[in-house]
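Engineer: The structure is given below, and queries will be raised subsequently.
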Amino acid sequence: MKAKLTVKEVGGLRGEHVYELESGKTWLLKSSNSGGKTSLLRALSAVLSVPQDGDFGKYPREEAIKLGIQTEDVSPKEGFVNVHSKQAEVTLEIGDVTSKYIVTRDGNYISLPHNGDPRFLLAGVISNNSKILRQLRNVDGRDQPDDFEWAVRELSKAARYEDILNLLKNKRDEYSNQVITVNRKVKDRERLEKEETNLIQEKTKLDKKLDDTKFEDTNIEELIKKREKLIEKIDNKRTAISDEETKIKGTKGKLNEIEKSIKIIQKENKEYEAELKKFDLEKIKKNKEKREKEIQEEVNKLIDERNALDGLLNLLITAQASMRKEKEKTKCPLCEDGKITYNLIVKRVDSLRDDKDKFNGKILELNTEKEDLIRGFDKNQKRIEELKYEIKDRISQEETEKSRYANIKAALSGCEDIIQKYQGEAENFNKQKEDVDKELGPHGDLKKLLDELDKKRENISEKLGTISQQLFDTNIELNGKEVKPKIALKILNLWNINLEELIKYAEKRADEQKQMAASQFNQNIKEMMETLNFKEFKTIKLNNKYKLYVERLNPKTKDYVIQEVNTLSTSEMLSIALILQIALKETYIPDTPFFIIDDVMEDYDETRAKTILKYLKNKAKEKNWCVIVTKLAEDVKTPTLSIME
Amino acid sequence: MNEELKKEIENFAGAKKSNINKFEKELDKVLSKIAEEVYNNEG
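Heads up: the sequence lines are chains A and B, in that order.
Just so we're aligned, residue 132 is where the first sequence starts under this note's numbering, counting upward by one.
Just so we're aligned, residue -2 is where the second sequence starts under this note's numbering, counting upward by one.
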């Protein structure tokens, strides 16, 4: 595989730089300190790791920040984008596939790589800022140095199963809480239903008592029967009215909710409109342009002054260079009388350099202010668009809610009409009953008895109406429907049974993934240990709790002893870090053809460094990787790549 | 019904770019189906 990496304005590298690589080889990346080695490796790491949507997620995002691929949201992408530039570009061409990453200083992505895998940051790079070394050294002061659960969770599919688990557990908890409320309503309903049954029984008894009353006069008996039928009709109408009233109650509740929702929408819209009013984009634009012009003029002036100062500085540096070999002589080639001493020139050069730095600082400050102005203006423009969208959206929501309100109100009015109709009919039956009562006039005692019975029945009917409403109130809204609490309870219990089963499944799968990852990881470590022949260690592995277990040679007793990770020496930590890092790479991203070792090789002793490099060269050949190792070379100003012999 | 969801879990875990909202929608669909069955059986 041949690859071409092109970087433009990344970190310490100004302008465009092109590098060609070939897999199966180990490459040496050389430059002076702050010459741009790390910037180049950041660029490569970025194009290999930034995901297609630019979102690193929680864990790798933290790594991306530590490794300089991303910065905190509060500050621009300083550090990744060259300080003099507005954007950085990285292009990686592997065969016919080109992946491009372009990011501006304010963090907006112009182009994202197609095949970026965030795991590369955890598994493909070892540097003083990489996760493994930071953890072993406990740099962040929060990790347990031996806890490598992240290595089997975040890099394997276990993290995905755990995302599902969180979702399922949240739902289960929500439904379990609902079950408590529903249980209370079930009890309320049982009490009410019992009360209702008692009342119905009482009413039936009364009806029977009326039926059992015998009359000698046939005419009176007929009148009594007529009267009973009328009372039954009146009762039926009352029940129907009570049902309609219950419906109205429910509907009114919905209307109140809609009214509240409309008020909230209107309030939000007022706030958005008030915020929008505050923006006078034309004025903001004018002010911005005015200030930009002022800044530009000031910058031009400063550049002119700095250039003048540069001229003088160059002259003095030339003088200083020509006098350097003969410091004791005081003659300066720039002045006729030769009174200026070498020390005076050195002092003047230092002072001019300070002045130049001040000019550069001021120019940078002004340019930053200018960029902030542009960013601020863009932000305002974006906010205006957002506000317009929100206002339009709220207007549409309000219209929908109002139309819903009108439909429900129309249905309510229908119920009210029906009640009025039923009330008229009940009144009519009541008049007919009064006429019958008049006819029964002389039979006062019988009428009195019937009146008492009527009154009792009426009371019972009223009570039954109230209970019917109370029973309606025990209903629960579930899955978009009003249901009886017993049904709701049945549904919630079934949901929870299903959720529990899924939770167990996801837990099992997450565990399996972790165990598989740990086993593969340990196997890779074992193979590496055999090849590297690090005699001071007998075992390095993750135990069943994913803690790092190290058995190390005790030089005094010549026995192997268990060694706490936080008590390892610096060089032991480095050796273990490298072993773990290569094992991570082989376990999780074996197909990504790059492995980066930045700034750590110098920390190994010579013999160990040789062993490691030999191992890496073989690994690169065997796995067809491009292994890149950095090397400090003070005489190399711009990073260069060469095959390691 | 959980077999469908187990498949969805596997899809979520195996996809290159996973969307948990999509999984939640599928879960809600299945829960809604369970509720509908209870409504129908209980009248």
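Glycine included, each C-beta is placed from N, C-alpha and C at the ideal position.
Only a predicted model underlies this, so the values are computations on that prediction, with no experimental measurement involved.
Between GLU224(A) and SER180(A), what straight-line distance do the alpha-carbon atoms span, to the nearest angstrom?
Structural biologist: Pairing GLU224(A) with SER180(A), the inter-Cα distance amounts to about 15 Å.
Engineer: Expressed to the nearest angstrom, what Euclidean distance is found between the alpha-carbon atoms of MET660(A) and ILE710(A)?
Structural biologist: 8 Å
Engineer: Shorter than 8 Å from the beta carbon of GLU1(B) to some beta carbon of chain A?
Structural biologist: no
Engineer: Of all Cβ atoms in chain A, is any one closer than 8 Å to the Cβ of GLU23(B)?
Structural biologist: no
Engineer: Under the criterion of a Cβ to heavy atom distance below 7 Å, does LEU475(A) qualify as lining the ligand SAM?
Structural biologist: As presented, the structure is devoid of all ligands, the ligand SAM included, so that no description of it is given.
Engineer: Would you please state the rounded distance, in angstroms, between the beta carbons of GLU33(B) and GLU5(B)? I believe it to be under 8 Å.
Structural biologist: Separation of the CB atoms of GLU33(B) and GLU5(B) is rounded to 19 Å, and the pair is thereby denied contact status at 8 Å.
Engineer: Does the contact criterion of 3 or more C-beta pairs under 8 Å hold for the segment 281 to 291 of chain A versus the segment 707 to 721 of chain A?
Structural biologist: yes
Engineer: Identify whether ILE728(A) lies in helix, strand or coil by the three-state DSSP scheme.
Structural biologist: strand
Engineer: Taking the C-alpha atoms as reference points, what is the distance between LYS748(A) and ALA10(B)?
Structural biologist: Cα to Cα, LYS748(A) sits roughly 35 Å from ALA10(B).
Engineer: For TYR403(A), I'd like the list of residues in its chain whose CB is within less than 6 Å of its CB, leaving aside the five on either flank, ordered along the chain.
Structural biologist: LEU518, GLU521, ILE522
Engineer: In angstroms with no decimal places, state the Cα-to-Cα distance between ASN269(A) and ARG291(A).
Structural biologist: 27 Å
Engineer: Which of the three DSSP states is assigned to ILE743(A) in this structure?
Structural biologist: ILE743(A): helix per DSSP, three-state reduction.
Engineer: Figure out for me which residue from ALA12(B), ILE31(B), LYS14(B) has the closest Cα to the Cα of ASN629(A).
Structural biologist: ILE31(B)
Engineer: Taking GLU147(A) as the reference, give the member of ARG640(A), LEU175(A), ALA219(A), GLN183(A) with the closest Cα.
Structural biologist: ALA219(A)
Engineer: What does the Cβ neighbour count give for ASN308(A), buried or exposed, with the cut at 16 atoms within 10 Å?
Structural biologist: By the 10 Å Cβ count, ASN308(A) comes out exposed.
Engineer: Under the assumption that VAL149(A) contacts LYS135(A) (Cβ atoms under 8 Å), give the Cβ distance between them as a whole number of angstroms.
Structural biologist: Yes, VAL149(A) and LYS135(A) are in contact; Cβ-Cβ is about 7 Å, under 8 Å.
Engineer: Looking at the secondary structure, which residues open and close the alpha helix (DSSP H) in which VAL35(B) lies?
Structural biologist: 17 to 39
Engineer: With 8 Å set as the bound, which would you pick, yes or no: does the beta-carbon of TRP626(A) sit closer than that to a beta-carbon of chain B?
Structural biologist: yes
Engineer: Note down the Cα distance separating LEU584(A) from LYS617(A), rounded to an integer number of angstroms.
Structural biologist: 36 Å
Engineer: Pop quiz: LEU571(A) and ILE351(A) are said to be a contact at Cβ under 8 Å. What is the actual Cβ separation, rounded to whole angstroms?
Structural biologist: 7 Å
Engineer: Using a Cβ-Cβ cut-off of less than 8 Å, give me the residues of the segment 277 to 296 of chain A that come near chain B, in sequence order.
Structural biologist: LYS288, ARG291, TYR292, ASP294, ILE295
Engineer: According to DSSP, is TYR691(A) part of a helix, a strand, or is it coil?
Structural biologist: strand
Engineer: Taking the beta carbon of SER373(A) as the centre, do at least 16 other beta carbons fall within 10 Å, making it buried, or is it exposed?
Structural biologist: Buried is the call here.
Engineer: Output the distance between the C-alpha atoms of ILE759(A) and ASN8(B), rounded to the nearest integer angstrom.
Structural biologist: Straight across, the Cα-Cα distance linking ILE759(A) with ASN8(B) is about 36 Å.
Engineer: Could you please give the first and the last residue of the uninterrupted beta strand (DSSP E) stretch that includes LYS762(A)?
Structural biologist: 757 to 763
Engineer: Tell me whether the beta-carbon of SER242(A) lies closer than 8 Å to the beta-carbon of PRO724(A).
Structural biologist: no
Engineer: Quick check: ILE728(A) and ILE196(A), are their CB atoms within less than 8 Å of each other?
Structural biologist: no
Engineer: In this structure, does DSSP put SER773(A) in helix, strand or coil?
Structural biologist: strand
Engineer: Determine the contact status of LEU83(A) and ILE634(A), defining contact as a CB-CB distance below 8 Å.
Structural biologist: Limits of chain A in this structure are 132 at one end and 776 at the other, which puts residue 83(A) out of reach.
Engineer: Measuring straight from C-alpha to C-alpha, what distance separates LEU412(A) and ALA174(A)?
Structural biologist: 38 Å
Engineer: So with CB distances below 9 Å, who are the chain A contacts of LYS14(B)?
Structural biologist: PRO182, GLN183, ASP184
Engineer: Give me the chain B residues within the contact set of ILE720(A), using Cβ-Cβ distance strictly less than 8 Å, ordered along the chain.
Structural biologist: Here the premise fails: no neighbours, minimum Cβ distance about 13 Å.
Engineer: Would you be able to state if there are at least three C-beta pairs under 8 Å between the segment 325 to 345 of chain A and the segment 585 to 604 of chain A?
Structural biologist: yes
Engineer: Following the continuous beta strand (DSSP E) through VAL221(A), name the residue where it begins and the one where it ends.
Structural biologist: 218 to 225
Engineer: Determine, using beta carbons only, whether LYS4(B) comes closer than 8 Å to chain A.
Structural biologist: Any Cβ of chain A closer than 8 Å to the Cβ of LYS4(B) would place that residue at the interface, and such an atom is absent.
Engineer: So, do the segment 474 to 491 of chain A and the segment 440 to 449 of chain A have three or more beta carbon pairs nearer to each other than 8 Å?
Structural biologist: Contact between the segment 474 to 491 of chain A and the segment 440 to 449 of chain A is present, with at least three C-beta pairs closer than 8 Å.
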